[in-house]
Each structure stands twice: as structure tokens, then as C-alpha cells.
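So in the UniProt record's numbering, spot 8 of the sequence shown is number 8, and the numbers just go up one at a time. Idealized CB from N, CA, C, for every residue including glycine. Here the structure is a predicted model, which means the values were calculated and not measured. Structure first, then comments.
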Amino acid sequence: MEVTIAKPTENHIEAISAICSAGWKQTVEGKLSEAYQERNVDFWYNHERIRSDLEAGSYTHVALIDSNVAGVIGGGLTSPGVSEIFMLYVEETYRYKGIGRLLLEALTELQKEQGAAEQWVSVQEGNQFGIPFYEARGFRLQGKKTEGTDTGEEQVSLRYSREI
Numbered sequence: 001m002e003v004t005i006a007k008p009t010e011n012h013i014e015a016i017s018a019i020c021s022a023g024w025k026q027t028v029e030g031k032l033s034e035a036y037q038e039r040n041v042d043f044w045y046n047h048e049r050i051r052s053d054l055e056a057g058s059y060t061h062v063a064l065i066d067s068n069v070a071g072v073i074g075g076g077l078t079s080p081g082v083s084e085i086f087m088l089y090v091e092e093t094y095r096y097k098g099i100g101r102l103l104l105e106a107l108t109e110l111q112k113e114q115g116a117a118e119q120w121v122s123v124q125e126g127n128q129f130g131i132p133f134y135e136a137r138g139f140r141l142q143g144k145k146t147e148g149t150d151t152g153e154e155q156v157s158l159r160y161s162r163e164i
């Protein structure tokens with residue numbers, strides 16, 4: 001299985017939408033209502049929003065296997081010297097094959113070139129895909145962020161960071 005890390009294009013929008021929607025829903029399954037999940041996915045992962053975020057540079061890399069999108073990552077600088085991972089999702093059938101690691105390495109190199117010395121990420125509390133992944137790569141828990149949703153629920157994110 002040969003994995004190519006590339007800059008995402010408009011041709012990848014549909015796959016990015018599907019991968020991010022499914023991945024995000026899996027991280028909040030049993031924690032947030034179906035109604036909130038649908039609204040959140042409709043807001044963040046609709047094709048027009050992805051196109052706009054793609055043009056803004058928020059989606060930085062895709063992992064391709066035989067020209068099929070297997071994963072996606074995005075991020076950017078949030079202040080001088082500080083970067084954030086906005087999203088990292090790998091299509092379920094390709095998980096645990098090193099794709100997330102390759103995507104994170106590509107984004108980290110880009111963010112270092114942009115002057116970042118510190119990298120942050122938010123992970124849904126209880127996310128057993130994300131938490132072990134980031135901790136294995138040197139991220140340390142810095143705190144919790146609780147936000148109310150428009151459905152009256154609470155979404156709890158764990159904030160992690162590492163030096164890069």
C-alpha cells in the first residue's frame with residue numbers, strides 16, 4: 001500500500017466531507033445528540049464550507065492511496081510561533097496503517113516552516129482514537145474546554161500541546 005501525501009484540491013472535496021463527517025460523528029457517538037451531530041456536520045463539512053476552507057488553506061494535506069483520499073489534516077498558525085491542528089481524520093478502512101502519522105508529520109513540517117515552535121490540538125473527551133494517537137506523539141494534556149451547544153448539551157474538549 002503506497003501512500004502519497006498531497007495538497008488537497010477541489011477534486012477531493014466530496015471525500016474530505018465524507019471522511020470528516022464520519023470521523024467526527026464517531027468521536028462524539030453516545031456523547032452528543034443526533035440532532036447536534038447533524039447540525040455540526042452540516043455546518044462544518046458541507047461542500048461549500050470545505051471549498052472555502054480549502055481556499056483559505058485550512059485543509060493542508062490529504063493522504064492518497066491509488067488516488068483515493070484515505071485521510072485529511074488541516075491546521076494553521078493561531079498566533080506567532082503557535083500552531084493548531086484543526087482536524088485530522090483517517091477513513092475507517094485505512095486506520096492503524098500509519099496514515100495519521102504521515103499526515104501529522106507533513107502538517108508539523110509545514111507549521112515549523114511557518115515559524116511555529118508549539119503545536120496545539122483539541123480532542124473530544126473520551127476519544128479513544130485521538131487521545132492515544134496524540135499522547136504517543138508527545139502531546140501533553142493542558143486542560144479541558146467545555147462549550148454549550150445550541151441543543152443545550154455540553155461538548156468537552158481536551159486541549160493538548162507539544163513543542164515542535
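{"Query": "Between the alpha carbons of G152 and E34, how many angstroms are there, rounded?", "Result": "13 angstroms"}
{"Query": "Would you say T78 and I164 are within 8 angstroms of each other, going by their C-beta atoms?", "Result": "no"}
{"Query": "What would DSSP say about R159, mapped onto helix, strand or coil?", "Result": "strand"}
{"Query": "Can you list, in chain order, the residues of its chain with a C-beta nearer than 6 angstroms to that of Q111? Leave out the 5 residues immediately preceding and following it.", "Result": "S83"}
{"Query": "Going by other Cβ atoms of all chains shown within 10 Å of its Cβ, with 16 needed for buried, is S52 buried or exposed?", "Result": "exposed"}
{"Query": "Report back the beta-carbon spacing between S17 and Y45 to the nearest angstrom; my notes put them in contact at under 8 angstroms.", "Result": "5 angstroms"}
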